[in-house]
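The letter at position 55 of the sequence shown is residue 38 when you use the numbering used here, and the numbering goes up by one with no holes. Contents: one structure, followed by commentary.
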Amino acid sequence: MIGRSLSIPLEEIEWRATTSGGPGGQHANRSETKVEARFDVARSASLGPRQRARLLERLGPVVRVTAGEHRSQARNRELALERLVSRLAEGLRRPPARRPTAPSASAAQRRLEQKHWRAEVKRTRARPLLDE
């Protein structure tokens, strides 16, 4: 379940397990505990046209996530699924509409005072005029 309007069946997610590498001795070298979850946005049947367009624009045609922090493949699989769900949810999220606002009267007044002060600072840096 990604959001209120989207639920992706697990059959659409490709799973791949590999050795995680790093420290851990023989267990890390021989056990395929690192998990990669791959979701094909372009070919998904569960996405609507707007959802597909938004995900293709923001995340690309294929979304991949990996998890290899735990010694258990099952735990890494859960973690990869959580990451995939959050990534897809973030890709589908609409940014809030910006409502333009005008500066307040006091903000405009402060800005003008700042400009006058800055102009005065620069004026005092000028070379003094020589009287002839």
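Don't be surprised by glycine CBs; every beta carbon is placed ideally from N, CA and C. Note that the coordinates shown come from a computational prediction; the quantities given were computed from them, not determined experimentally.
What are the start and end residues of the beta strand (DSSP E) that includes residue i?
{"i": "Thr1", "result": "-4 to 1"}
For residue i and residue j, what's the separation of their Cα atoms in angstroms?
{"i": "Ala0", "j": "His10", "result": "14 Å"}
{"i": "Phe22", "j": "Ala72", "result": "13 Å"}
{"i": "Arg79", "j": "Arg37", "result": "In the sequence on display, residue 79 carries Pro and not Arg. If I take the Cα positions, the gap works out to 15 Å."}
{"i": "Trp(-2)", "j": "Pro(-8)", "result": "13 Å"}
{"i": "Ser89", "j": "Arg58", "result": "56 Å"}
{"i": "Ser(-10)", "j": "Thr84", "result": "38 Å"}
{"i": "Pro86", "j": "Ile(-4)", "result": "49 Å"}
{"i": "Gly74", "j": "Ala50", "result": "19 Å"}
{"i": "Pro44", "j": "Gly8", "result": "37 Å"}
Please name the residue in the options whose C-alpha comes closest to that of residue i.
{"i": "Arg41", "options": "Gly4, Val18, Glu(-6), Arg76", "result": "Arg76"}
{"i": "Trp25", "options": "Leu39, Arg110, Ile(-9)", "result": "Reading off the sequence shown, one finds Ala at residue 25, where the question assumed Trp. The shortest Cα separation from Ala25 among Leu39, Arg110, Ile(-9) belongs to Leu39."}
Which of helix, strand or coil does DSSP assign to residue i?
{"i": "Ala90", "result": "helix"}
{"i": "Thr49", "result": "strand"}
{"i": "Leu95", "result": "helix"}
{"i": "Leu(-11)", "result": "coil"}
{"i": "Thr107", "result": "helix"}
{"i": "Gly8", "result": "helix"}
{"i": "Ala85", "result": "coil"}
{"i": "Ala80", "result": "coil"}
Considering just the uninterrupted stretch of the alpha helix (DSSP H) at residue i, what are its terminal residues?
{"i": "Ala20", "result": "From DSSP, Ala20 is part of no alpha helix (DSSP H) but of the beta strand (DSSP E) over 17 to 23."}
{"i": "Pro32", "result": "32 to 42"}
{"i": "Leu71", "result": "56 to 75"}
Are the CB atoms of residue i and residue j nearer to each other than 8 Å?
{"i": "Val18", "j": "Arg82", "result": "no"}
{"i": "Leu67", "j": "Ala20", "result": "yes"}
{"i": "Leu64", "j": "His53", "result": "no"}
{"i": "Glu15", "j": "Thr2", "result": "yes"}
{"i": "Val46", "j": "Arg13", "result": "no"}
For residue i, would you say it is in contact with chain D, using Cβ-to-Cβ distances shorter than 8 Å as the test?
{"i": "Ala90", "result": "No chain D is part of this structure, which consists of one protein chain only."}
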